[in-house]
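Protein chains: 2
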Amino acid sequence: MAHSLATAPTCSNCPIRHRALCARCDDDELEDLNRIKFYRTYKAGQTIAMRGDALDVVASVVSGTATLERGIEDGRTQMVGLLLPSDFIGRPGRTTLQYDVTAVSELTLCCFARKPFEALLIQIPHLQERLLEMALDELDAARDWMLLLGRKTAREKIASLLMLMAKRTMNPDGEAMGTTSRLELPISRETMANFLGLTIETVSRQFTGLRKDGVIGLDGNRVVLIPDLQDLLVESGDDGDGGPLI
Amino acid sequence: MAHSLATAPTCSNCPIRHRALCARCDDDELEDLNRIKFYRTYKAGQTIAMRGDALDVVASVVSGTATLERGIEDGRTQMVGLLLPSDFIGRPGRTTLQYDVTAVSELTLCCFARKPFEALLIQIPHLQERLLEMALDELDAARDWMLLLGRKTAREKIASLLMLMAKRTMNPDGEAMGTTSRLELPISRETMANFLGLTIETVSRQFTGLRKDGVIGLDGNRVVLIPDLQDLLVESGDDGDGGPLI
DNA sequence: CGACCTATTGATACGTATCAACCCGAGTGG
DNA sequence: CCACTCGGGTTGATACGTATCAATAGGTCG
Numbered sequence: 011m012a013h014s015l016a017t018a019p020t021c022s023n024c025p026i027r028h029r030a031l032c033a034r035c036d037d038d039e040l041e042d043l044n045r046i047k048f049y050r051t052y053k054a055g056q057t058i059a060m061r062g063d064a065l066d067v068v069a070s071v072v073s074g075t076a077t078l079e080r081g082i083e084d085g086r087t088q089m090v091g092l093l094l095p096s097d098f099i100g101r102p103g104r105t106t107l108q109y110d111v112t113a114v115s116e117l118t119l120c121c122f123a124r125k126p127f128e129a130l131l132i133q134i135p136h137l138q139e140r141l142l143e144m145a146l147d148e149l150d151a152a153r154d155w156m157l158l159l160g161r162k163t164a165r166e167k168i169a170s171l172l173m174l175m176a177k178r179t180m181n182p183d184g185e186a187m188g189t190t191s192r193l194e195l196p197i198s199r200e201t202m203a204n205f206l207g208l209t210i211e212t213v214s215r216q217f218t219g220l221r222k223d224g225v226i227g228l229d230g231n232r233v234v235l236i237p238d239l240q241d242l243l244v245e246s247g248d249d250g251d252g253g254p255l256i
Numbered sequence: 011m012a013h014s015l016a017t018a019p020t021c022s023n024c025p026i027r028h029r030a031l032c033a034r035c036d037d038d039e040l041e042d043l044n045r046i047k048f049y050r051t052y053k054a055g056q057t058i059a060m061r062g063d064a065l066d067v068v069a070s071v072v073s074g075t076a077t078l079e080r081g082i083e084d085g086r087t088q089m090v091g092l093l094l095p096s097d098f099i100g101r102p103g104r105t106t107l108q109y110d111v112t113a114v115s116e117l118t119l120c121c122f123a124r125k126p127f128e129a130l131l132i133q134i135p136h137l138q139e140r141l142l143e144m145a146l147d148e149l150d151a152a153r154d155w156m157l158l159l160g161r162k163t164a165r166e167k168i169a170s171l172l173m174l175m176a177k178r179t180m181n182p183d184g185e186a187m188g189t190t191s192r193l194e195l196p197i198s199r200e201t202m203a204n205f206l207g208l209t210i211e212t213v214s215r216q217f218t219g220l221r222k223d224g225v226i227g228l229d230g231n232r233v234v235l236i237p238d239l240q241d242l243l244v245e246s247g248d249d250g251d252g253g254p255l256i
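The listed protein sequences derive, respectively, from chains A and B. Going by this note's numbering, the letters in the first sequence line up with residues 11 to 256, in that order. Going by this note's numbering, the letters in the second sequence line up with residues 11 to 256, in that order.
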C-alpha cells in the first residue's frame, strides 16, 4: 500500500500551490489546511481505490499521473479522467467512490480526511470557490471528450490526444511554428486506447499512419516528434479558436 | 426571440424550488434572488444561444427541455447535455458560452444577469454550496455518458437512454415489477442520435430490434411501452447496483 | 390533394474490432 | 554469455457493426 513521505514539505513551496484547490487561500487559511494534510505516494500501476470503496479521504495530485476509470462487467472499460498535478480526487458530500483510480506513474497525493475537510470547506469560502471553479473546468473537459468519443474518427482521436498532451506539456510559447516539438508520452498505448474508446491495435495503426504521412515522427515508443503543430491540429478535427480540449 | 411571461410566479410555489440552485436558500436569501430574477420562454426548436455568444445571463430551467451541443465545422455534432427542469445554464466567472443551447420543447427559464448573480454567489454561501453540488452531479453524469459513448453498442446505448428517461420520468415506486411502464419520449430520433453518437437510421433500427425481441413496445413514434424494466436494464449493459446514468 | 417532415427499411461501403502472428527490449536464470 | 521468458508494441487477415446512400411509408399542414 501507500507509504508516507519521510518529510512533509511546507505548503508555501508546494509545486501546486497556485493551481490546486488551495490556489486562492491566504496564509492563514493555508495553515488550517496544513494542519490536517498528509502525504501518500504510490508506485506506477498501483491501484489507489476502486469503485464502491468508502471515500474517507480526498486529495490533490502533487506529482505524477493517475487515471479515473469506469468499467462494465464483461471487461470493457472507459477512462473518464486523467489526473495531473493540481487535479483533485474525491467529492465532498459523497461517501463512496464512483470510479477506479489508478496511478500510471510514480504518484504523490496531498490528502485530507473527508470529515475535517468538509468542515474547512464551510469555514473557508476561498476553498469552496476554487473547488467550484475546478469542477466546472472538469465538466467542460468531460464534455469536450464526449464530442471526441461520439463523433471523431480514430485518426482524429489520436491527433486530439497528442494535441492535448502537447499543450499541457510544452511551455506556452516555447516551441514556435517551424520548430519540431518533442513530446514525451506519459501513458502506454493501452491507456490511450482506454482513453479514446479504441483498441490497442487501432491506436498503433493510427500512430504508424500519422508517421507515414509525415504528421509525426516516432522515437521509440514513448517519444513523439511533431514537425508542425498546425498540421496535427488539422488532423484533430478541431478548429483553432481556443477550441475543445483545454 | 424570447418573450416575457405575463405574470412572474413567486419563488415559494415555484415547481423547482427544492431541486434547483435555490434549494438550500432560506426565505431571506430567496428574496434576494427574487429581486433580480426574470423569466424567459422559448418555443420548441428555438435556438437560445450559440457557442461564442456573450454569456451575460445565467438561468435555471423551470419547465421544458433544452439541449447542450457541440459541433465541428463539417457538420458533425454531439450533444453534451440534456437540460431538464431545475438544471442550470451558464457558469460564473466565464463570459462566453462554450456550447449551442437549444430548446427542444416549449421552455421556461428563470434568468439572472451574470454580474448581480456573481455578487449574490459570494454573499450567499448556500447558493455556492448548491451550485457546487449540482456541478459535481453533472460531472458524474458526463462521465457516465463517456462510458456509453466510448464502449457501448448501439443497442446498449438505446436501452441506456430509455432507462435514463424512464428513471427521470416515472414516479419512484409507481410502476412496480410486472407492470408495463409507459414512457413518453421528449425528444426526436434525431436528437437521440446526437445524444448517443449514432445516426438516425441506426437509432431507428435498434428500436425495431428491441421491439421484435419483446423488450419494448411502440405506440406511435413518441411512446415506448416497457413490459419489464429489468429486461431493459440487462440490455443497457449496466449492472443494477445504482450503476451509471443517474 | 400535394408538400413536407419524421421515421422506417433496404443495399452496400467503410471503419474499427477481433483473432493471430510476430517483433523487440528488458529481465532472469542456467 | 546465451537461451528463455515476458510485457508492450506492431502488423496482417478477416469479421462485424454502424455509416452512408437511397427508396418508401405515414402523419400533418397548407
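Quick reminder that beta carbons are idealized off the backbone N, C-alpha and C, glycines included.
(1) Where ALA59 (chain B) and PHE98 (chain B) are concerned, what is the direct C-alpha to C-alpha distance, given to the nearest angstrom?
(2) Starting from CYS35 (chain B), follow its DSSP beta bridges and name the residues at the other end.
(3) In or out: ARG153 (chain A) buried (at least 16 other Cβ within 10 Å) or exposed?
(4) Using 8 angstroms as the cut-off, can you tell me whether the region 193-207 of chain A makes contact with the region 158-169 of chain A, which would need three or more C-beta pairs spanning the two stretches below that distance?
(5) Roughly how many angstroms lie between the CA atoms of HIS13 (chain B) and TYR52 (chain B), to the nearest whole one?
(6) Within its chain, find whatever has a CB closer than 7 angstroms to the CB of ASP241 (chain A); leave out the 5 residues flanking it on each side and keep chain order.
(7) In three-state DSSP terms, what is ALA16 (chain B)?
(8) Using the beta-carbon of each residue, which ones in chain A are nearer than 7 angstroms to GLN88 (chain B)?
(9) Provide the residue(s) that pair with MET89 (chain A) in DSSP beta bridges, ordered along the chain.
(10) List in chain order: all unbroken alpha helix (DSSP H) runs of 4+ residues lying wholly within the region 173-228 of chain A.
(11) Check the Cβ-Cβ distances between GLY103 (chain B) and every residue of chain A, and say whether any is below 8 angstroms.
(12) Counting along the chain, where does the alpha helix (DSSP H) carrying ARG161 (chain B) start and finish?
(13) Which one of B:PRO237, B:GLU39 and B:PRO25 has the shortest CA to CA distance from PHE127 (chain B)?
(14) With 8 angstroms as the C-beta to C-beta threshold (strictly closer), list the residues of the region 226-245 of chain A near chain B in chain order.
(15) Select from the region 55-87 of chain A all residues with a C-beta closer than 7 angstroms to any C-beta belonging to chain B, and list them in chain order.
(16) Are the CB atoms of CYS35 (chain B) and ILE132 (chain B) within a distance shorter than 8 angstroms?
(17) Starting from LEU142 (chain A), find everything on chain B with Cβ-Cβ shorter than 7 angstroms and list it in chain order.
(18) Using a Cβ-Cβ cutoff of less than 8 angstroms, which residues in the same chain neighbour LEU193 (chain A) once the five nearest sequence positions on both sides are dropped?
(19) With a threshold of 8 angstroms between beta carbons, is LEU43 (chain A) in contact with chain B?
(20) For LEU149 (chain B), decide whether its Cβ has a neighbour in chain A, counting only Cβ atoms nearer than 8 angstroms.
(21) How long is the line joining the alpha carbons of LEU239 (chain B) and CYS24 (chain B), rounded to whole angstroms?
(22) Decide if the region 104-113 of chain A is in contact with the region 54-70 of chain A; the criterion is three or more beta carbon pairs, one per stretch, under 8 angstroms apart.
Working from what's here:
(1) 14 angstroms
(2) Partner(s): none; CYS35 (chain B) has no beta bridge.
(3) buried
(4) yes
(5) The predicted model places HIS13 (chain B) with a pLDDT of 46, which falls under 50 and marks its position as unreliable, so this point remains unresolved.
(6) VAL225
(7) Only weak support is given to the placement of ALA16 (chain B): the predicted model assigns it a pLDDT of 43, under 50, and the value that follows is read from those uncertain coordinates. In this structure, ALA16 (chain B) counts as coil in the three-state DSSP scheme.
(8) MET156, LEU157, GLY160 and ARG161
(9) A:GLU79
(10) 199-206 and 210-222
(11) yes
(12) 135-161
(13) B:GLU39
(14) none
(15) ARG80, ILE82, GLU83 and ARG86
(16) no
(17) GLN138, LEU141, LEU142 and ALA145
(18) LEU172, MET175, ALA176, THR179, MET180, VAL233, VAL234, LEU235 and ILE236
(19) no
(20) yes
(21) 32 angstroms
(22) yes
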